[in-house]
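*Asks:*
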Amino acid sequence: MIKLDDICFAYDSTPVLKHFSTEIADGEFVVIKGDNGCGKSTLLNIINALEFAEIGTYTFDGTVIDKKAVKNEQFAKAFHQKIGYVFQNTDAQLFCSSVYDEIAFAPRQMQLDETEIAKRVDDMLKLTGTEHLKERAPFHLSMGEKKKVAVASVLAMNPQVLILDEPMNFLDKKSRQWLVEFLNQMHSVGKTIIIVSHTDDFDKMADRIIEL
Ligand SMILES: Nc1ncnc2c1ncn2[C@@H]1O[C@H](COP(=O)(O)OP(=O)(O)O)[C@@H](O)[C@H]1O
Ligand SMILES: [Mg+2]
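So for the sequence shown, full-length UniProt numbering puts the first residue at 1; every next one is plus one.
(1) For G144, report the span of its alpha helix (DSSP H) as first-last.
(2) What is the rounded straight-line gap between the Cα of I65 and the Cα of L50?
(3) Beta carbon of A104, beta carbon of A150: below 9 Å?
(4) Is V196 near ligand 2, going by C-beta to nearest heavy atom under 8 Å?
(5) Hey, which unbroken runs of the alpha helix (DSSP H) at 4 residues or more fall wholly within the region 21-48?
(6) Rounded to whole angstroms, what's the CA-CA distance from M168 to T90? Just pull it up for me.
(7) Would you grab the beta carbon distance between M124 and A106 for me? Rounded to a whole angstrom, and I think it's under 8 Å.
(8) Could you give the distance in angstroms between the alpha-carbon of I47 and the alpha-carbon of E166?
(9) Given this structure, state the Cα-to-Cα distance separating D12 from I117, to the nearest angstrom.
(10) Taking the straight line between their C-alpha atoms, what separation do you get for Q160 and K191?
(11) Return the residue from the list K33, L4, E73 that minimises the CA-CA distance to T199.
(12) So is V189 buried or exposed if we call it buried at 16+ other beta carbons inside 10 Å?
(13) Who are V196's beta bridge partners in DSSP?
(14) Span of the alpha helix (DSSP H) holding A118?
(15) On the three-pair Cβ rule with 8 Å, is the region 53-60 touching the region 9-28?
(16) Quick check on DSSP: helix, strand or coil for I83?
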């Protein structure tokens with residue numbers, strides 16, 4: 001369960017989030033909407049503990065997430081493993097020289113053995129229909145292919161929460177349809193899904209739409 005209580009956040013002295021509160025239950029599918037610059041990505045960064053609220057409290061599964069909490073490396077590692085974050089800018093997310101290594105990155109961080117890692121990578125390649133891209137360099141893939149690889153690489157940690165920031169940007173119709181179906185499937189297996197999107201593709205399947 002994600003609980004944001006009275007969150008205030010500013011960059012320098014420009015306020016972005018003002019007394020924002022919400023609760024997102026396990027397994028819930030939430031779409032976040034709002035004008036450009038209203039703070040959607042900032043909110044996702046706070047949920048991912050990349051930014052921290054100045055006022056207010058963020059609680060994840062009953063634990064307060066603040067700077068102090070994530071200073072504990074062991075806690076931070078366990079926390080980041082629970083939340084898969086697909087950035088708006090996919091290029092900023094993909095940095096390995098092959099799709100295989102990209103998907104294997106998080107499982108390697110988790111110090112799984114290479115046999116287990118190979119199995120996990122294969123599972124993710126199958127799940128996202130990217131088997132044929134296994135040896136390719138992520139940098140040279142199409143936008144749709146990159147998005148699939150980014151999704152595969154965060155899912156390789158088996159996170160309980162999946163967060164996507166404007167995932168439909170630059171995707172063609174076929175890739176958008178794939179993503180809608182894929183997230184529906186992830187929702188049906190019980191993952192919590194939080195999407196920022198200004199398109200209406202996810203409205204039908206969302207449990208809730210939050211207007212920022
Ligand atoms: N790192 C940053 N430093 C200063 N201002 C920022 C930074 N990131 C975002 N902003 C500003 O904060 C506001 C909210 O940004 P953001 O959360 O990215 O909005 P959204 O995702 O809803 O478009 C915008 O005005 C943006 O220019
Ligand atoms: Mg944004």
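Backbone N, C-alpha and C define an ideal beta-carbon position, used for all residues, glycine too.
None of these values were measured; they are calculated from a predicted model.
*Replies:* Concretely, from the data shown:
(1) 143-155
(2) 11 Å
(3) no
(4) yes
(5) 40-47
(6) 11 Å
(7) Between A106 and M124 the Cβ distance is about 10 Å, and since that is not below 8 Å, they are no contact.
(8) 16 Å
(9) 42 Å
(10) 5 Å
(11) K33
(12) exposed
(13) I32, D165
(14) 114-127
(15) yes
(16) strand
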